Amino acid sequence: GQSLEQPSEVTAVEGAIVQINCTYQTSGFYGLSWYQQHDGGAPTFLSYNGLDGLEETGRFSSFLSRSDSYGYLLLQELQMKDSASYFCASRDDKIIFGKGTRLHILP
Amino acid sequence: SQTIHQWPATLVQPVGSPLSLECTVEGTSNPNLYWYRQAAGRGLQLLFYSIGIDQISSEVPQNLSASRPQDRQFILSSKKLLLSDSGFYLCAWNPTGAYNSPLHFGNGTRLTVT
């Protein structure tokens, strides 16, 4: 089976940097993705790591270490609009999501 | 461009009634299709996924079923709804065979079983 663990909540200050961790246990693994979901909306794709290392997309970066079964999402220069839930998801023949991390941003 | 349509947006149904949620994708062929359910404030639970017509895998035993009568149509059904079926139902797709391709979600159906 597959399982992904991530913190349920994280709080950070506007303008700061925050890291959301994800550890996974999967029988097969092709990569780790990150999604953002605002209240009442559908998830939207942020990034994908198929190989070890860091992927950068604007203020967001994502990291993967296959040997550690671990990844993280790094959000820089936090803005109030980044207040949302963030999900890691693993891919083999299907896509399974973690339970999500609720990011609270303080002004 | 590809688009995904999911309806209805909101649904209130009594316990024991049937359910049919429909999802269609435009602008692509042979997509992978998914149904997820999200309870209030919780994660996304994979219910069904399909890699082709009449190829559907069920992830969670329950009173729900899925069908794919056409290549780009995915239907979620129930004969008798339970209170525990309440939640936010999301249909999603991605291209077949592209492991780095993201999931594209519909706008979701918020189901309340009373």
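Going line by line, the protein sequences match chains X and H.
FYI, the numbering for the first sequence is 120 to 226, going by the working numbering.
FYI, the numbering for the second sequence is -18 to 95, going by the working numbering.
Positions of the beta carbon are idealized from the N, C-alpha and C atoms, including for glycine.
Here the structure is a predicted model, which is why all the values come from computation and not from measurement.
Flag this pair as yes or no: are the beta carbons of residue i and residue j separated by less than 7 Å?
i	j	result
glutamate 133/X	leucine 197/X	yes
leucine 194/X	phenylalanine 216/X	no
isoleucine 56/H	glutamate 7/H	no
valine 41/H	aspartate 66/H	no
aspartate 211/X	tyrosine 149/X	yes
phenylalanine 164/X	proline 83/H	yes
serine 181/X	glutamine 121/X	no
For residue i, tell me which candidate among the options has the shortest Cα-Cα distance.
i	options	result
valine 137/X	Gly169/X, Tyr149/X and Tyr191/X	Tyr191/X
glycine 159/X	Ser46/H, Leu45/H, Gln26/H and Leu71/H	Leu71/H
glycine 24/H	His223/X, Ile224/X and Ala203/X	Ala203/X
serine -2/H	Lys60/H, Ser82/H and Leu27/H	Lys60/H
alanine 10/H	Tyr17/H, Gly33/H, Asn81/H and Arg18/H	The residue you asked about is not alanine; residue 10/H is serine in the sequence shown. With distances taken between Cα atoms, serine 10/H lies closest to Gly33/H.
threonine 118/H	Asn75/H, His(-14)/H and Pro76/H	Not covered by the structure: residue 118/H. The range shown for chain H is -18 to 95.
Below 8 Å on the Cβ atoms is my guess for residue i versus residue j; work out the distance and round it to an integer in Å.
i	j	result
aspartate 201/X	serine 184/X	That pair is no contact at about 24 Å.
glutamine 144/X	serine 188/X	7 Å
alanine 73/H	tyrosine 15/H	4 Å
leucine 28/H	asparagine 44/H	Incorrect: roughly 11 Å between the Cβ atoms, too far for contact.
glutamine 125/X	cysteine 207/X	6 Å
Beta-carbon of residue i versus every beta-carbon of chain C: anything under 7 Å?
i	result
tyrosine 30/H	Of the chains in the structure shown, none is chain C; the protein chains are X and H.
Can you give me, in chain order, the residues of the segment 158 to 173 of chain X that have a beta carbon less than 7 Å from any beta carbon in chain H? Listed by position along the chain: Ala161, Pro162, Phe164, Tyr167 and Gly169.
Can you find at least 3 beta carbon pairs, one from the segment 88 to 95 of chain H and one from the segment -11 to 2 of chain H, that sit closer than 8 Å? A contact exists between the segment 88 to 95 of chain H and the segment -11 to 2 of chain H.
Between the segment 41 to 75 of chain H and chain X, which residues of the former have CB atoms less than 7 Å from a CB of the latter, in chain order? For the segment 41 to 75 of chain H, the set of positions with a beta-carbon nearer than 7 Å to some beta-carbon of chain X reads Leu71 in chain order.
Taking beta-carbon pairs under 7 Å, can you tell me which members of the segment 205 to 218 of chain X lie near chain H? Considering only beta carbons, the part of the segment 205 to 218 of chain X lying closer than 7 Å to chain H consists of Phe206, Arg210, Lys213, Ile214, Ile215, Phe216, Gly217 and Lys218, in chain order.
According to a CB-to-CB cut-off of less than 7 Å, which residues of the segment 123 to 157 of chain X neighbour chain H? Per Cβ criterion, the list reads Tyr149, Gly150 and Ser152.
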